[in-house]
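Participant: Handing you a structure now.
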Amino acid sequence: MSEERAGETRHDVRPHPVNEVMPPGRMMAYGLQHILVMYTGVITVPLVLATAIGLPQEELAYIINACLLTCGVATLIQTIGFWKIGVRLPIIMGTSFAAAIPMIQIGDVYGLQGIYGAVIVSGIFVFLISPYFSLLLHFFPPVVTGTVITVIGLSIMPVAVRWAAGGDPEAENFGNPVNIAMAFVVLLLIVVITRFFGGLVGGFVGRIAILLGLMLGTIIAALFGLADFGGVAEAGWLRITTPFYFGLPTFHLVPIISMMIAMLVIMVETTADTVAIGEITDRPIRQDNLARALRTDGFSTVLGGVLNAFPITTFSQNVGLVRFTNVKSRFVAAVGGIILILIGIFPKLGAVVAAIPIPVLGGAGLMLFGTIAIVGIQILSRVDFEDNRNLVTVAVSLGLGLIPVAVPDFYGGFPIGVQMMFESGIAAATIAAVLLNLFFKVLGGKQGEIRG
Numbered sequence: 011m012s013e014e015r016a017g018e019t020r021h022d023v024r025p026h027p028v029n030e031v032m033p034p035g036r037m038m039a040y041g042l043q044h045i046l047v048m049y050t051g052v053i054t055v056p057l058v059l060a061t062a063i064g065l066p067q068e069e070l071a072y073i074i075n076a077c078l079l080t081c082g083v084a085t086l087i088q089t090i091g092f093w094k095i096g097v098r099l100p101i102i103m104g105t106s107f108a109a110a111i112p113m114i115q116i117g118d119v120y121g122l123q124g125i126y127g128a129v130i131v132s133g134i135f136v137f138l139i140s141p142y143f144s145l146l147l148h149f150f151p152p153v154v155t156g157t158v159i160t161v162i163g164l165s166i167m168p169v170a171v172r173w174a175a176g177g178d179p180e181a182e183n184f185g186n187p188v189n190i191a192m193a194f195v196v197l198l199l200i201v202v203i204t205r206f207f208g209g210l211v212g213g214f215v216g217r218i219a220i221l222l223g224l225m226l227g228t229i230i231a232a233l234f235g236l237a238d239f240g241g242v243a244e245a246g247w248l249r250i251t252t253p254f255y256f257g258l259p260t261f262h263l264v265p266i267i268s269m270m271i272a273m274l275v276i277m278v279e280t281t282a283d284t285v286a287i288g289e290i291t292d293r294p295i296r297q298d299n300l301a302r303a304l305r306t307d308g309f310s311t312v313l314g315g316v317l318n319a320f321p322i323t324t325f326s327q328n329v330g331l332v333r334f335t336n337v338k339s340r341f342v343a344a345v346g347g348i349i350l351i352l353i354g355i356f357p358k359l360g361a362v363v364a365a366i367p368i369p370v371l372g373g374a375g376l377m378l379f380g381t382i383a384i385v386g387i388q389i390l391s392r393v394d395f396e397d398n399r400n401l402v403t404v405a406v407s408l409g410l411g412l413i414p415v416a417v418p419d420f421y422g423g424f425p426i427g428v429q430m431m432f433e434s435g436i437a438a439a440t441i442a443a444v445l446l447n448l449f450f451k452v453l454g455g456k457q458g459e460i461r462g
């Protein structure tokens, strides 16, 4: 009898949700959902850079496809992993906006070849210092990680608001009530699907509420003439990305240093996102895990420089999606990576995704980005706020972190290095939270509480 029970126990052992392999159809739906919520974020950096330095449309299209392809490969590396690269968690990788300012400045003087030279060296820099940077995890107790993740969620909320209003603040129809109404229709659809249909098919419908909301929103927009699918017919069928398409990279000291500073900011964001996904998936992040995640940033950024893309990092909106759906399988994210690769190779697929109206994405973003902040708030719920030191740490860090959200040009008069470091607010919140926690817990004679 005991042998039977032991056999049953062994037979009933299930893999951790992170390692769950689902039916192909469900994994495809979940993976597609991930890509739809991050696609616009990936192509934003190339669009901003191309506009700033005057790239022709053909070169912009090539770079966008290169970014999509590289992000797909980076996602596979991060989720599947090899050697000491890849954290093996459900993380989607994308192009980082933190590097946009230095790349624009480099591009104005040295062109794309100068940009890619700085990108490659900064990626090597991140790869090499990852095991040492990961030692800083000791200084990220809940009072710090909760604060930083909350700031990440609140900092990217203006992106969703701009999407809801139409995307481009300089466009004539920005803020048009029709755009805003469309965004709130999508938001309402997601809420209704979650509330009344979420339990259907074993909860599957609820987990793809974002996907369904985006699809239904796009259909409604098309019925009212608000969706343009003309780009699908115009897009080519196949585009092969070749290394160093724009010429061999050039290397210049000042651009390299500028890009390294930007990569330090990116490493801080990756640290917070990785800790958040570890919290969501019940896989606490250790120093070796963080080092693997950061190495992926470095390796993928080098790959991006070779394949005509830009610095690559974790995407916060997908962290929020994992929390919303509670789908924790890294293989779902890997499927998302495969979809990105296919979109990067076959432009027509990308054109279909790009046809989703920006206000439709805004409706989903309003909820998703708020979900990221909720992850931070959940972590902060474990903090003892009866202790005024924790209260001050969080209050000051939130205040400093949200300055760029309230006044985007607050640091406009500062040197460019300061602007790069603090324009997102995430770095400011992290530095403040870490230093205040050290000040109160270590210098205050409470060394044993640094992790508390």
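Each residue of the sequence shown is one higher than the last, beginning at 11 in my numbering.
We treat Cβ as the ideally placed atom computed from N, Cα and C, and that holds for glycine.
Predicted, not measured: the structure shown is a model, and the values here were computed from it.
(1) What did DSSP end up calling F207 once you bin it into helix, strand or coil?
(2) Please look up how many angstroms separate the CB atoms of G163 and F379, rounded, as I've assumed it's under 8 angstroms.
(3) Taking the alpha carbon of I295 as the point to measure from, which residue in D283, Y255 and E396 has its own alpha carbon closest?
(4) Beta carbon of G386, beta carbon of T228: below 8 angstroms?
(5) Just to confirm, is the Cβ distance from L70 to I114 under 8 angstroms?
(6) The beta strand (DSSP E) with I229 in it runs from where to where?
(7) Specify, as a first and last residue, the run of the alpha helix (DSSP H) that T80 falls within.
(8) Look at the alpha carbon of G91 and the alpha carbon of T54, and state the distance between them as a whole number of angstroms.
(9) How is T323 classed by DSSP in three states: helix, strand or coil?
(10) Do S434 and V275 have their C-beta atoms closer together than 8 angstroms?
(11) Between N29 and L210, what straight-line distance do the alpha-carbon atoms span, to the nearest angstrom?
(12) So is H148 in contact with chain B if we call contact Cβ pairs under 8 angstroms?
(13) I'd like the list of long-range same chain contacts for L146, defined as Cβ closer than 6 angstroms, with 5 residues on each side in sequence excluded.
(14) Measuring straight from C-alpha to C-alpha, what distance separates V52 and I353?
(15) For the stretch 408 to 426 against the stretch 72 to 90, are there 3 or more C-beta pairs whose distance is under 8 angstroms?
(16) Excluding five sequence neighbours on each side, which residues of the same chain lie with their C-beta closer than 7 angstroms to the C-beta of G241?
(17) For the stretch 349 to 421, list the alpha helix (DSSP H) runs that are entirely contained and at least 4 residues long, ordered along the chain.
(18) Among I159, A110 and V370, whose alpha-carbon lies nearest the alpha-carbon of S268?
(19) Are the beta-carbon atoms of P367 and L236 separated by less than 8 angstroms?
(20) How is M431 classed by DSSP in three states: helix, strand or coil?
(21) Taking only the alpha-carbon atoms, compute the straight-line gap between F356 and L42 and give it to the nearest angstrom.
(22) Taking only runs of the alpha helix (DSSP H) that begin and end inside the stretch 134 to 166, which ones reach a length of at least 4 residues, in chain order?
(23) Rounded to whole angstroms, what's the CA-CA distance from L401 to T440? Just pull it up for me.
(24) In three-state DSSP terms, what is T105?
(25) Could you tell me whether the Cβ atoms of E289 and T323 are closer together than 8 angstroms?
(26) I think R340 touches P112, with their Cβ atoms under 8 angstroms apart; what is that distance to the nearest whole Å?
(27) May I ask you to verify whether the stretch 319 to 337 touches the stretch 210 to 223, counting CB pairs closer than 8 angstroms and requiring at least 3?
(28) Would you list the one or two residues that DSSP bridges to I95?
(29) Can you tell me whether I241 is helix, strand or coil according to DSSP?
(30) If we ignore side chains and look at the alpha-carbon of each, how far apart do G127 and I382 end up?
(31) For I130 versus V312, is the C-beta spacing smaller than 8 angstroms?
(32) For E14, is the classification buried or exposed, using 16 other Cβ atoms within 10 angstroms of its Cβ as the cut-off for buried?
(33) Which residues in the same chain have their Cβ closer than 7 angstroms to the Cβ of Y255, if we skip the five residues on either side of it in sequence?
(34) With a 10 Å radius around its C-beta and 16 neighbouring C-beta atoms as the bar for buried, classify R461 as buried or exposed.
(35) Taking the alpha carbon of F320 as the reference point, which residue from I102, P66, M32 and S106 has its own alpha carbon closest?
(36) Quick one, which of T291, S326 and F143 has its alpha-carbon nearest I159's?
Facilitator: Taking the geometry as given:
(1) One-based indexing of the sequence shown puts residue 207 at position 197. Helix, per DSSP.
(2) The residue given as residue 163 occupies position 153 in the sequence shown. The residue given as residue 379 occupies position 369 in the sequence shown. About 6 angstroms; that satisfies the 8 angstroms criterion.
(3) Taking the first residue of the sequence shown as 1, we reach residue 295 at position 285. Closest by alpha carbon: D283.
(4) The residue given as residue 386 occupies position 376 in the sequence shown. The residue given as residue 228 occupies position 218 in the sequence shown. No, the Cβ-Cβ distance between G386 and T228 is not below 8 angstroms.
(5) Within the sequence shown, numbered from 1, the residue matching residue 70 stands at position 60. Within the sequence shown, numbered from 1, the residue matching residue 114 stands at position 104. No, these two residues do not count as a Cβ contact at 8 angstroms.
(6) Counting from one through the sequence shown, the residue named residue 229 turns up at place 219. Run containing I229: none in the beta strand (DSSP E); it sits in the alpha helix (DSSP H), A219 to L233.
(7) By 1-based counting over the sequence shown, the position of residue 80 is 70. Q67 to I90 is the span of the alpha helix (DSSP H), which, as asked, contains T80.
(8) For this step, residue 91 is matched to residue 81 along the sequence shown. For this step, residue 54 is matched to residue 44 along the sequence shown. Roughly 27 angstroms between the two C-alpha positions.
(9) For this step, residue 323 is matched to residue 313 along the sequence shown. Note: T323 maps to strand in three-state DSSP.
(10) Position 424 of the sequence shown, counting from 1, holds the residue named residue 434. Position 265 of the sequence shown, counting from 1, holds the residue named residue 275. Yes.
(11) If you number the sequence shown from 1, residue 29 lands on position 19. If you number the sequence shown from 1, residue 210 lands on position 200. When rounded, the distance between both Cα atoms is 24 angstroms.
(12) Of the protein chains in this structure there is only one, and it is not chain B.
(13) As a working note, residue 146 is residue 136 in the sequence shown. Answer for L146: no residue qualifies.
(14) Here residue 52 refers to the residue found at position 42 when the sequence shown is read from its first residue. Here residue 353 refers to the residue found at position 343 when the sequence shown is read from its first residue. V52 and I353: Cα-Cα distance of roughly 12 angstroms.
(15) no
(16) Numbered from its first residue, the sequence shown carries residue 241 at position 231. The residues are A361, A364 and A365.
(17) 357 to 364, 368 to 390, 398 to 411 and 413 to 416
(18) If you number the sequence shown from 1, residue 268 lands on position 258. When each option's Cα is compared against that of S268, the closest is A110.
(19) The sequence position of residue 367 within the sequence shown is 357, counting from 1. The sequence position of residue 236 within the sequence shown is 226, counting from 1. Their beta carbons are under 8 angstroms apart, which means P367 touches L236 by this criterion.
(20) Translated into positions along the sequence shown, residue 431 becomes position 421. If DSSP states are grouped into helix, strand and coil, M431 belongs with the helices.
(21) One-based indexing of the sequence shown puts residue 356 at position 346. One-based indexing of the sequence shown puts residue 42 at position 32. Each residue's Cα considered, the two are about 16 angstroms apart.
(22) 152 to 165
(23) As a first step, residue 401 must be located in the sequence shown, where it is residue number 391. As a first step, residue 440 must be located in the sequence shown, where it is residue number 430. Those two C-alpha atoms are separated by around 15 angstroms.
(24) In the sequence shown, residue 105 corresponds to position 95, counting from 1. It is a strand residue.
(25) Along the sequence shown, one-based indexing puts residue 289 at 279. Along the sequence shown, one-based indexing puts residue 323 at 313. No, the Cβ-Cβ distance between E289 and T323 is not below 8 angstroms.
(26) For the purposes of this step, residue 340 is taken as residue 330 along the sequence shown, with counting starting at 1. For the purposes of this step, residue 112 is taken as residue 102 along the sequence shown, with counting starting at 1. Rounded, the Cβ-Cβ distance is 32 angstroms, inconsistent with contact.
(27) yes
(28) On the sequence shown, residue 95 is found 85 positions in, with the first residue counted as 1. According to DSSP, I95 bridges with F92.
(29) Here residue 241 is taken as the residue at index 231 of the sequence shown, counted from 1. Per the sequence shown, the amino acid found at residue 241 is Gly instead of Ile. Here G241 sits in helix by DSSP.
(30) The residue given as residue 127 occupies position 117 in the sequence shown. The residue given as residue 382 occupies position 372 in the sequence shown. Distance between the alpha carbons of G127 and I382: 34 angstroms.
(31) If you number the sequence shown from 1, residue 130 lands on position 120. If you number the sequence shown from 1, residue 312 lands on position 302. Taking 8 angstroms as the Cβ cut-off, I130 and V312 qualify as a contacting pair.
(32) In the sequence shown, residue 14 corresponds to position 4, counting from 1. Residue confidence for E14 is low, a pLDDT of 47 falling below 50, so the modelled location carries little weight and cannot support an answer.
(33) One-based indexing of the sequence shown puts residue 255 at position 245. Once the five neighbours on either side are set aside, the close Cβ partners of Y255 are Y72 and N318.
(34) To locate residue 461, count along the sequence shown from 1; it is residue 451. No answer about R461 holds up, because its pLDDT of 47 lies below 50 and its placement is not dependable.
(35) The count along the sequence shown starts at 1 and reaches residue 320 at position 310. That would be S106, whose Cα lies nearest to the Cα of F320.
(36) Position 149 of the sequence shown, counted from the start, is the residue given in the question as residue 159. If we check each option's Cα against that of I159, S326 comes out closest.
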